[in-house]
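Just so you know, my numbering puts 458 at position 255 of the sequence shown, and the rest follows in order with no gaps. Ideal Cβ placement from N, Cα and C applies to all residues, glycine included. The model shown is predicted, which means the values in this text are computed figures rather than measured ones.
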Amino acid sequence: MKQIALIVVAIALGLTVGKVTGGFNFFSAVCLVAGVFLVTPSLFKFHFSDFSIIKTHTGAIFKNLWINYLLLTVAALIIGYASQDIGIAAALFLLALLPGGGMVMMWIKVSGANVKVGFVIFMLNLALLLPVTLIFGQFYDIAAPYFPPVDLSGIDGISAAKSIKPFAPFMILIVIPFVISRVILAFFQGIVVFTAMHQQTISKVTMFGIVFYLFSLKTSQLLFQVSLMDLAMAAIATLAFYAVAFTAAIKLTDKTPDDKAVFWHIATRYITLALILAVFSVDTFGATFILPIMFAYFIQIGAAGFLAKIEIEQPAT
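Here's what the structure looks like:
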């Protein structure tokens, strides 16, 4: 629970500093920091032979794929269309395509799930980042005719780029951390030992810093520029999406170790990565695009303890 409290404090401090200073500019180096310090330590334990368990755990792997990338994606599109705000719709679509996240392995361990299955699913979800960003890059062109025009007033100069760079998340969160992990394993065993002893502390400090930075950006300060109606609509839409996700996680998985691992990959979203990607697209979708992603932090973090209690108190018989 300390990690949850740290993230909440980081969000509050980030928004406060951003409000006072007007917000910081985005620097892409933070993406590399996230990849190196959050993903690389996990890869020290990863070997390609781990993927061999897919043959004997196909049910869990397939369940993760169809629930996350079909059921929840369709739900996000329906809820997004009902909002009649393309920014909200795009944010929900992005959240649907980014299952799991930085804290998912912690919850998998806490609830007594199959850690190996959870980790393989985590790696498969990361490997899908390239097609996910390519698909999301086409969302505006396909969806725009079905929504009112976007209000881009006050957006000029805030976003970091005109579009998402499809290969960037894949390179930063898969290729670079993997290469670094192989080099460290081969030549710097001391780092591996040190990381194993202090991984939780490294993860907490890194997550705190990244969340604080993201919420102190100029992009995040758009939260203070939207109307109460936009805030309410975004909150309702995000709650509806998570209601579907939590219901699917609870009703479509059982209490076996494999399904517990799947449970957390359904119930949680990679919201930090979503917020990073939002920096690159806010000048396309408008200020409301960041709202569901911000609300997702509070909903997901707030519900995690309750969901963990459900999983822990109802073990498989």
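{"Asked": "Residue nearest to Ala330 in terms of C-alpha spacing, selected from Trp310, Ala371, Ala292, Asp354", "Found": "Ala371"}
{"Asked": "Own chain residues within Cβ distance below 7 Å of Thr491, not counting five before or after", "Found": "Asp288, Gly290, Ile291, Val429, Asp433, Ala437"}
{"Asked": "Between the CA atoms of Ala443 and Phe501 - distance to the nearest angstrom", "Found": "14 Å"}
{"Asked": "Delimiting residues of the alpha helix (DSSP H) encompassing His468", "Found": "460 to 470"}
{"Asked": "Asn228, buried or exposed, once every other Cβ within 10 Å from all chains shown has been counted against 16", "Found": "exposed"}
{"Asked": "Bridge-paired residues (DSSP) for Phe350", "Found": "Answer is none; Phe350 lacks a bridge partner."}
{"Asked": "Nearest candidate by alpha-carbon position, reference Ile383, set Leu333, Leu218, Gly304, Phe249", "Found": "Phe249"}
{"Asked": "Validate contact between the segment 229 to 239 and the segment 386 to 393 using beta carbons, cut 8 Å, 3 pairs", "Found": "no"}
{"Asked": "Buried or exposed by the 16-neighbour rule on C-beta atoms within 10 Å, applied to Gly508", "Found": "exposed"}
{"Asked": "Other residues of its chain near Ser314: CB distance less than 8 Å, five sequence neighbours each side excluded", "Found": "Lys463, Phe466, Trp467, Ala511, Glu514, Ile515"}
{"Asked": "Cα-Cα separation, Thr180 to Met497", "Found": "Residue coverage of the chain in this structure runs from 204 to 520, which leaves residue 180 outside it and unanswerable."}
{"Asked": "6 Å CB neighbourhood of Asn328 in its chain, flanking five on each side removed", "Found": "Pro302, Gly303"}
{"Asked": "As assigned by DSSP and simplified to three states, the class of Phe391", "Found": "coil"}
{"Asked": "Local conformation of Leu420 per DSSP, three classes", "Found": "strand"}
{"Asked": "For Pro244: DSSP bridge partner residues", "Found": "DSSP lists no partner for Pro244."}
{"Asked": "Whole-angstrom distance between Leu300 and Thr261, CA atom to CA atom", "Found": "20 Å"}
{"Asked": "CB contact flag (Ala523, Thr450, <9 Å)", "Found": "The structure shown does not extend to residue 523, since the chain is modelled only from 204 through 520, so no value can be given for it."}
{"Asked": "Buried or exposed (CB count within 10 angstroms, at least 16 for buried), Arg385", "Found": "exposed"}
{"Asked": "Local Cβ density within 10 Å of Gly505, reported as buried at 16 or more and exposed below that", "Found": "exposed"}
{"Asked": "Simplified DSSP state of Phe227, which is helix, strand or coil", "Found": "strand"}
{"Asked": "Val277 versus Gln424 - alpha carbon distance", "Found": "30 Å"}
{"Asked": "Classification of Ile270 by the beta-carbon crowding that lies within 10 angstroms, buried from 16 upward", "Found": "buried"}
{"Asked": "Bridge-paired residues (DSSP) for Phe302", "Found": "Looking at the sequence shown, residue 302 is not Phe but Pro. BP columns for Pro302 point to Arg472."}
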